[in-house]
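These notes concern the structure reproduced below.
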Amino acid sequence: MRTHPVFLSPLRNVFFTMSRSLSRFLSRFLSLMLLNFSLNLHRSSIALQVIGGNATVVQGETAILPCKLTDTKEPLGQISWQRKTRGKPVNDNFFTVTSSGPNYVNGVDKRFRFIGNFSAHNGSLQLSDVTLLDEGSYSCIFTLFPSGNHRTEIPLNVLVPPDTSVNDHHLLMGNEEVLLATCTAAGSRPPVEVKWTYSTLSEKVKAITNTTQHANGTTTTESSLFGVPTRDINQQPVTCVVTSSALSKPKTLPLTLQVHFSPTEVNISEISKDSFECSTEANPNANFTWSRPGQSWPQSAVRVDGAKLQLLSITSDLNGLYKCEASNLYGRKHGQLYVYVTSGTCTACWVLFSLLLLLISIGVGAWWYIYKVKKHPSTGEGTGEVIWKVRTSSRMQRAETVEEEESTCLH
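So the sequence shown is numbered by the working numbering: it starts at 37 and just counts up by one.
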């Protein structure tokens, strides 16, 4: 095989050399342009920021999910929102915003509302009526050209205020320690602090607190107040104080302790010259009943108004024993009043009394006699002298032992 040499003219040789040089120049120019573009794009990506933040809200209120893109001149194509929450444990696309407006994705949840501005690169959302199922992580994504997607995460923390209550227990007076009252803060997040205030009972009661964790992340806290149910703690005020970050201020729940007991000693006292009144201590308050054991009730001669007994006429028909019974759901006790009306006037009583004083002091006795005669003139009518004695029971109604307390003379 024979080889034939190729001869190029000088002009064609120059053209070939220039073509190769131009090709190398263009290649280097394009490389520099691409490098410069990449560097500018990298600088732009470093400069831009997607600003979010943390959001904390009380259940039932409104949360703001902030999201804003800064320091970029790239065209914005779309703002997208994703979530991964207690109610949506799998990453879920739920909202987009374009230049034409906002759109719901994968179902409509009108609790979400776009409150940003697309042209201002503000993608913030508002979520109303927040529930515990909304707690989780929300992703705000800006799609730019040509740099692509830029995102930030916004954690949403939901606080749940407790359902609070305070209850006393049916307390009967006794000598052993029992549960007096319970304060409950149910279904809170985070856990609450429960305390009792009882300034007058500091050495007579104690508090024990227990907590229960629930599957949904909430906690129930229960504080129990223990003590001996005596009359000393009856009607004493206590207050349960619940403190929580889900509450704007501590919640106070006042309670008055109620210790139930039967009537104590029944006392009968004179409230005027012809009226008497029963009194006792009991919880609940006692009801009073007047009676005449073994005798008929003198309807027209006496008046009864609850615990009060009034003698309307001073006659011998009133003679006898009157019983005042105090009772409630837990027992009863009684006191006794003995009434004796003598015939004739009582002026002679005072005359005899004045004569005795006369033996001690004639002057004083004379003055006393004149004073009493003028004050109590005899009319000749049948006014009577009432002698009364009070006896009260020392035990329950079954007990018959009584104690004489006092006697006097009434006109």
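For every residue, glycine included, the Cβ atom is placed at its ideal position computed from N, Cα and C.
According to DSSP, residue 121 shares a beta bridge with 172. Using a Cβ distance threshold of 8 Å, residue 169 and residue 122 count as a contacting pair. According to DSSP, residue pairing for residue 137 in a beta bridge involves 134. For a cut-off of 8 Å, the C-beta gap from residue 293 to residue 217 is around 7 Å, short enough to register as a contact. Counting C-beta pairs with one atom in each stretch, the stretch 142–154 and the stretch 187–194 have fewer than three that are closer than 8 Å, which means they do not touch. DSSP places residue 306 in the uninterrupted beta strand (DSSP E) bounded by 303–308. A direct Cα-to-Cα measurement between residue 99 and residue 151 gives close to 12 Å. Under the 10 Å beta carbon count, residue 87 is surrounded by fewer than 16 other beta carbons and is classified as exposed. Segment contact: the stretch 273–291 against the stretch 218–238, three or more CB-CB distances shorter than 8 Å; contact assigned.
Considering only 284, 376, 268, the residue with the shortest C-alpha distance to residue 295 is 268.
Within the same chain, Cβ atoms closer than 6 Å to the Cβ of residue 179 are found at 113, 114, 185, the five residues on either side in sequence being excluded.
Note on residue 198: 16 or more other CB atoms within 10 angstroms of its CB, so buried under the neighbour-count rule. The Cβ atoms of residue 259 and residue 215 lie no closer than 8 Å to each other. When C-alpha distances from residue 95 are compared across 125, 108, 356, 171, the shortest belongs to 171. Checking the DSSP bridge columns, you'll see residue 232 partnered with 276. 359 is the residue among 359, 251, 327 whose C-alpha sits nearest the C-alpha of residue 372. Separation of the CB atoms of residue 328 and residue 356 is rounded to 6 Å, and the pair is thereby assigned contact status at 8 Å. Here residue 313 is bridged, per DSSP, to 305, 344. Contact check for residue 363 against residue 299 passes: the beta carbons are separated by less than 8 Å. In the structure shown, residue 259 adopts extended strand secondary structure according to DSSP, grouped into three states. Listed in chain order, the beta strand (DSSP E) runs fully inside the stretch 186–242 are 199–204, 214–224, 229–233, counting runs of at least 3 residues. At least 8 Å separates the beta-carbon of residue 154 from that of residue 110. Sixteen is the threshold: when 16 or more other Cβ atoms of the shown chains lie within 10 Å of the Cβ of residue 272, as they do, the residue is buried.
Note that the C-beta distance between residue 264 and residue 212 is below 8 Å. When the five nearest sequence neighbours on each side are left out, the beta carbons in the same chain lying within less than 8 Å of the beta carbon of residue 307 are those of 313, 344, in order along the chain. The residue among 262, 117, 282 with its C-alpha nearest the C-alpha of residue 104 is 117. Rounded to the nearest whole angstrom, the C-alpha separation of residue 85 and residue 93 is 25 Å. Going by C-alpha positions, residue 323 is about 14 Å away from residue 303. The shortest CA-to-CA distance from residue 188 to any of 101, 201, 378 is the one to 101. Cβ neighbours of residue 247 within its own chain (closer than 8 Å, five residues either side excluded): 227, 255, 256, 257, 258.
In the DSSP assignment, no residue is bridged to residue 103. Separation of residue 354 and residue 338 (C-alpha to C-alpha, rounded to the nearest whole angstrom) is 8 Å. CA-CA distance, residue 330 to residue 370, rounds to 16 Å. Contact between residue 142 and residue 128 is confirmed by a C-beta separation of about 6 Å, below the 8 Å threshold. Under DSSP, no beta-bridge partner is assigned to residue 97. Comparing alpha-carbon positions, the option among 176, 160, 225 lying closest to residue 283 turns out to be 225.
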